[in-house]
Amino acid sequence: MAQYDVIIIGGGPGGYNAAIRAGQLGLKAAVVEKGPTLGGTCLNVGCMPSKALLHASELYSAAANDFATLGIDVTPSLNLPQMMKQKAESVTALTKGIEFLFRKNQVDWVKGAGKIAGPGKVEVTDAEGKVTTLEAKNIVIATGSEPAGLPGVEVDQKRIVDSTGALSLPEVPKSLLVIGAGIIGLELGSVWRRLGAEVTVVEFLDRITPGMDTETAKTFQRALTKQGFKFKLSSKVTGAKASKTGVKLTVEPVAGGPAETLEAEYVLLAIGRRPFTEGLGLESVGVTPDKRGFIPTDHWKTTAPGVWAIGDVTLGPMLAHKAEEEAVACIETIAGKSGHVNYGIIPSVVYTAPEVAWVGKTEEELKAEGRAYKAGKFPFAANSRAKINHETEGFIKVLADAVTDEVLGVHMIGPSVSEMVGEYCVAMEFRASSEDIARTCHPHPTRSEALRQAAMGVEGWTMQA
Ligand code: FAD
Ligand code: NAI
């Protein structure tokens, strides 16, 4: 029977980062993965393919709508099969990259579905049904999440799709109804909108993107509306009927009132994701998921000795970089080091155009905590690089403690903010004041100057115009 220091169940960002760190620290590690490739949701049907399509569709839309302003006259024609092919090739290159890192760090990839079969024991059933039992001092659960369903809306991956189906539609829909104005709905809705689909988003709440700073979310909704998105807020979907050519969706106001029928060629169901623990054998070690299916943990330890859990299957934001942070901290703790995750500094990004990025507290959270804060805000319309690039939509808003000036949060909407939020993550990790950032020289002309100008705004001395 094969013996390991650590067996990790699930080969996504949580699982593969845990395995690589284990290899680096000299622990004998194996990853059990039931899918045909490593990389989990993120690499195969999540972060990576969605960003590949967002990048390609953004360039298509720029060629169709923005190049003429720059003096470049082109009429782009869409080659959807090629767009899908380059997406698939990028994904394959990335999943192969994980295989390479496993070999480099002496990590075993055990192919098959893993089931915990008691303390220190994992049974693996491969595609042919052959069962192998492995033994380990530590088991790390990194089984991730799956799309949440909605009663009355049956995903057939033909006309009614989830995020996986929406990444591989065979044609540009004439019309697309998106259920849920969250990150998936707006990112994948953007892909198809840019390629020509009429996109209507039906959202239960009276706002889009819950969790995002409200002022930023309002600006974001206005920007998407300008791009042709239609929103039906405070509305609930009560049923869906698919035919060969389209879908009829029954929608009711949340506050009550008459139902209406919306029709579209395709429907994307994107109302959140739920933790995945099916067939995992948690009962064999006495671990009980909470009411919503998450595995409760304390510093990545479950209630069973030697059994750990990280990533989407545990509480917290369902983000690849959160899973990665936990992976490293969990393995370092197993190796006797002091693993640490700063849960207050986990950034969020929506990769639309404009992009939205934030880290730390929102204004609403600070108000609810009764914490006195000052805000500095700087519009991209006043940033010289954004102006010459014709990308002036959006702003950066810095929130700092009214007494100590420590940066408590930053909220950005505009060009390239996904690449800029990291500066504030570092600053906040070092507990910077807004003045620290305001007095740090930034290169001119760059969009990053807006980071500094927003910090200068906290004390009211922004300069750039
Ligand atoms: P997963 O990546 O879900 O991996 C779990 C793995 O475990 C899977 O490969 C699964 O096959 C395997 N598994 C499950 N059970 C078993 C078992 N019993 N035996 C063996 N294997 C098993 N996050 C970001 O940070 N940035 C983004 O831009 C982003 N974009 C996204 C876009 C989409 C469309 C989606 C759906 C998600 C996106 N996410 C993004 C979220 C991100 O994909 C997840 O947060 C991340 O993948 C979680 O990592 P994980 O390792 O916890 O789980
Ligand atoms: P989400 O939680 O971001 O948004 C779901 C939305 O659906 C919410 O606005 C919610 O109010 C709404 N909703 C829920 N039930 C509804 C109903 N019955 N009818 C209408 N609306 C309803 O979930 P989403 O978009 O599915 O994404 C899941 C997770 O995947 C995200 O929370 C995020 O963690 C991750 N993700 C991250 C990305 C990134 O980092 N850029 C990109 C894509 C996904």
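Take any residue in the sequence shown, note its place counting from 1, add 195, and you have its number in the numbering used here. Note that CB positions come from ideal geometry on N, CA and C, so glycine has one too. No experiment lies behind these values; they were computed from the predicted model shown.
- Of the listed residues Phe625, Lys556, Lys592, nearest to Gly655 (C-alpha basis): Just measuring C-alpha positions, the residue of Phe625, Lys556, Lys592 sitting nearest Gly655 is Lys592.
- Message: Quick check: is any heavy atom of ligand 1 less than 8 Å from the C-beta of Val227?
- Response: Relative to ligand 1, the beta carbon of Val227 is positioned inside 8 Å of a heavy atom.
- How is Pro368 classed by DSSP in three states: helix, strand or coil? Pro368: coil per DSSP, three-state reduction.
- Task: Please indicate yes or no: does the CB of Met243 lie closer than 8 Å to some heavy atom of ligand 2?
- Result: It does not: the Cβ of Met243 is nowhere closer than 8 Å to a heavy atom of ligand 2.
- Message: Suppose the cutoff is 7 Å on Cβ atoms and the five residues either side in sequence are ignored; what does the same chain contact list for Val269 look like?
- Response: These residues qualify, in order along the chain: Ala258, Phe262.
- Query: Leaving out the 5 sequence neighbours to the left and right, which residues in its chain are closer than 7 Å to Ser256 when beta-carbon positions are compared?
  - Reply: The residues are Arg389.
- Under the criterion of a Cβ to heavy atom distance below 8 Å, does Met513 qualify as lining ligand 1? It does: the Cβ of Met513 is within 8 Å (strictly closer) of some heavy atom of ligand 1.
- Task: Check Val593 in the structure and name its three-state DSSP category.
- Result: Residue state, collapsed to three classes: strand.
- Task: Using only the heavy atoms of ligand 1, determine whether one of them is closer than 8 Å to the beta carbon of Cys237.
- Result: It does: the Cβ of Cys237 is within 8 Å (strictly closer) of some heavy atom of ligand 1.
- Task: Check the DSSP bridge columns for Trp503 and list the partner residues they point to.
- Result: As a beta-bridge residue in DSSP terms, Trp503 pairs with Val335, Lys496.
- Pick helix, strand or coil for Ser430, following the three-state DSSP scheme. When secondary structure is reduced to three states using DSSP, Ser430 falls in the strand class.
- Query: Over what stretch of residues does the alpha helix (DSSP H) that includes Thr414 continue unbroken?
  - Reply: Residues 409-421.
- Message: At the level of alpha carbons, what is the spacing between Tyr568 and Arg468?
- Response: The straight-line gap from Cα to Cα measures roughly 33 Å.
- Message: Within 10 Å of its beta-carbon, does Cys237 have 16 or more other beta-carbons around it, so buried, or fewer, so exposed?
- Response: The residue in question, Cys237, is buried, as its Cβ has 16 or more Cβ neighbours within 10 Å.
- Inter-residue spacing [alpha-carbon to alpha-carbon] between Ser385 and His494: Spanning the two alpha carbons is a distance of roughly 37 Å.
- Message: Rounded to the nearest angstrom, what separates Phe424 and Pro346 at their Cα positions?
- Response: If you draw a straight line from the Cα of Phe424 to the Cα of Pro346, it comes to about 26 Å.
- Item | Environment of Leu233 [buried if 16+ CB atoms lie within 10 Å] | With 16 or more Cβ atoms within 10 Å of its Cβ, Leu233 is classed as buried.
- Query: By the 10 Å Cβ neighbour count, where 16 or more other Cβ atoms means buried, how is Cys636 classified, buried or exposed?
  - Reply: Classification for Cys636: exposed.
- Bridge partner(s) assigned by DSSP for His606: For His606, the beta-bridge partners assigned by DSSP are Trp553, Lys592.
- Consider the C-beta atom of Leu510 and the heavy atoms of ligand 2; say whether any pair is separated by less than 8 Å. Not under cutoff, so the answer is no.
- Item | Whole-angstrom C-beta distance between Leu248 and Leu362, which should lie under 8 Å | Confirmed, Cβ separation roughly 7 Å.
- Could you check where the alpha helix (DSSP H) with Gly208 kicks off and where it finishes? Reading off the sequence shown, one finds Pro at residue 208, where the question assumed Gly. Segment 208-219, the alpha helix (DSSP H) holding Pro208.
- Which of the three DSSP states, helix, strand or coil, is assigned to Lys353? Under the three-state reduction of DSSP, Lys353 is assigned to coil, being neither helix nor strand.
- Message: Less than 8 Å separating the Cβ of Glu382 from some heavy atom of ligand 3?
- Response: The model depicted lacks ligand 3 and carries ligand 1 and ligand 2 instead.
- Query: What's the C-alpha gap between Gly434 and Ala392?
  - Reply: Whole-angstrom Cα-Cα distance: 22 Å.
- Query: Span of the beta strand (DSSP E) holding Gly309?
  - Reply: That run of the beta strand (DSSP E) goes 308-311.
- Query: Can we count Phe471 as close to ligand 2, meaning its CB is less than 8 Å from some heavy atom?
  - Reply: In this structure, ligand 2 has no non-hydrogen atom nearer than 8 Å to the beta-carbon of Phe471.
- Item | Coarse secondary structure for Pro276, derived from DSSP in three states | If DSSP states are grouped into helix, strand and coil, Pro276 belongs with the helices.
- Task: Determine the DSSP secondary structure at Thr472, reduced to helix, strand or coil.
- Result: Reduced to three states, the DSSP call for Thr472 is coil.
- Message: Restricting to Cα atoms, I'd like to know which of Gly207, Val286, Glu560, Lys431 is closest to Pro453.
- Response: Closest option to Pro453, Cα to Cα, is Lys431.
- Message: Taking the straight line between their C-alpha atoms, what separation do you get for Ala322 and Gly307?
- Response: Straight through space, the alpha carbons of Gly307 and Ala322 are spaced by roughly 6 Å.
- Message: Once the 5 residues before and after Lys443 are set aside, which same chain residues still bring their CB inside 6 Å of it?
- Response: Taken in chain order, the residues that qualify are Lys436, Thr456, Glu458.
- Task: Indicate the three-state DSSP secondary structure (helix, strand or coil) for Gly571 in the structure shown.
- Result: DSSP places Gly571 in strand when its eight states are reduced to three.
- Task: Following the continuous alpha helix (DSSP H) through Pro342, name the residue where it begins and the one where it ends.
- Result: Where Pro342 is concerned, there is no enclosing alpha helix (DSSP H), although the beta strand (DSSP E) it sits in stretches over 340-342.
- From Asn212 to Glu460, what distance separates their C-alpha atoms? Cα to Cα, Asn212 sits roughly 40 Å from Glu460.
- Distance cut-off 8 Å: Ser363 Cβ against heavy atoms of ligand 2: False, no ligand heavy atom lies under 8 Å from that Cβ.
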